[in-house]
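A.B. asks:
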Amino acid sequence: MTMDVDAMVAFYELVAGLQPVYYAEHAAWLTNDEANHRIALLRLPGTHPPVDKPHSAGLHHTAFEYDSFDGWIDNYERLRDAGTTPTVCLDHGMTMSMYYQDPDGNGVEIQVDVFDDWAVSKEWMWASQEFSEDQIGPQFDPEKVLAAYRLGATRDEIHVRARKGEFLPDRPRTTVTFDDPWPARVAADPSLADGVPLPPSPEA
1 MTMDVDAMVA FYELVAGLQP VYYAEHAAWL TNDEANHRIA LLRLPGTHPP VDKPHSAGLH
61 HTAFEYDSFD GWIDNYERLR DAGTTPTVCL DHGMTMSMYY QDPDGNGVEI QVDVFDDWAV
121 SKEWMWASQE FSEDQIGPQF DPEKVLAAYR LGATRDEIHV RARKGEFLPD RPRTTVTFDD
181 PWPARVAADP SLADGVPLPP SPEA
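All residue numbers for the sequence shown refer to full-length UniProt numbering, where the first residue is 1 and numbers rise by one.
1. State yes or no: is the C-beta of Asn32 within less than 7 Å of the C-beta of Gly17?
2. Candidates Thr154, Thr2 and Gly83: which alpha carbon is nearest Tyr100's?
3. In the structure shown, what three-state DSSP assignment does Pro20 receive?
4. Return the CA-CA distance between Asp104 and Ala193, expressed in angstroms with no decimal places.
5. Using CA coordinates, which residue listed in Asn36, Phe11, Glu34 and Pro49 is at the minimum distance from Thr2?
6. If you count every other CB in all the chains shown that lies within 10 Å of the CB of Glu65, and 16 or more means buried, which is it?
7. Taking Cβ to Cβ, would you say Asp180 is nearer than 7 Å to Glu133?
8. What residue range does the alpha helix (DSSP H) around Met125 cover?
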């Protein structure tokens, strides 16, 4: 549901390369691959503007992933030059992520997997004490990351430095923290202390 189909189509085309498969005044179906659509936008009679969207229950955000750090950081620069900047940037440990807001206030994450391997990043999330202790991770200033990249720092070097807090914004935003479930998880399954394989998938 949206208040402005045109604005939403323009935003998702700019940020994530989604193109309309069908587009009308009241609705649009968008895709950025071979699927018939990835996002559906509808403006129905009686739709009301969102109120305090960031603090209301509902889907927090959708995520789009770049398959290379180069493409990801170049996309930040492209969006910045077009006047679109992230609201917050976080190194989650398995991804470096920039968060944007669409015209209706929905969160949109643009990320890159720092392991280059989804199986490895999923295992790290499941078995890593580091992630269990801090599922959000440190903030980073994308301009500082971009400057380091332009000076020749590699993705891995930038990731390590970001995790150490070297690229913090001058005015960091307040972020949410959660209680650390690691001690309880290890107590329930001591093998976690040594790292364990991923749990079976629901389809297994």
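Beta carbons are placed, not taken as given, at the ideal position from N, Cα and C, and that holds for glycine. All values derive from a computational prediction rather than experimental measurement.
C.D. replies: This is what the structure holds:
1. Along the sequence shown, read from residue 1 onward, the residue named residue 32 stands at position 32. Along the sequence shown, read from residue 1 onward, the residue named residue 17 stands at position 17. Yes, they are a contact pair.
2. Counted from its first residue, the sequence shown places residue 100 at position 100. When each option's Cα is compared against that of Tyr100, the closest is Gly83.
3. Taking the sequence shown and counting its residues from 1, one reaches residue 20 at position 20. In the structure shown, Pro20 sits in a strand (DSSP, three-state: E or B).
4. Looking up residue 104 in the sequence shown gives position 104. Looking up residue 193 in the sequence shown gives position 193. Their Cα atoms are separated by approximately 43 Å.
5. Start at 1 with the first residue of the sequence shown, and residue 2 comes out as number 2. Nearest option by C-alpha distance: Pro49.
6. Here residue 65 is taken as the residue at index 65 of the sequence shown, counted from 1. Glu65 comes out exposed.
7. On the sequence shown, position 180 is the one that residue 180 refers to. On the sequence shown, position 133 is the one that residue 133 refers to. For Asp180 and Glu133, yes; Cβs fall inside 7 Å.
8. Locating residue 125 in the sequence shown gives position 125, where the first residue counts as 1. Here the alpha helix (DSSP H) through Met125 covers Trp118 to Ala127.
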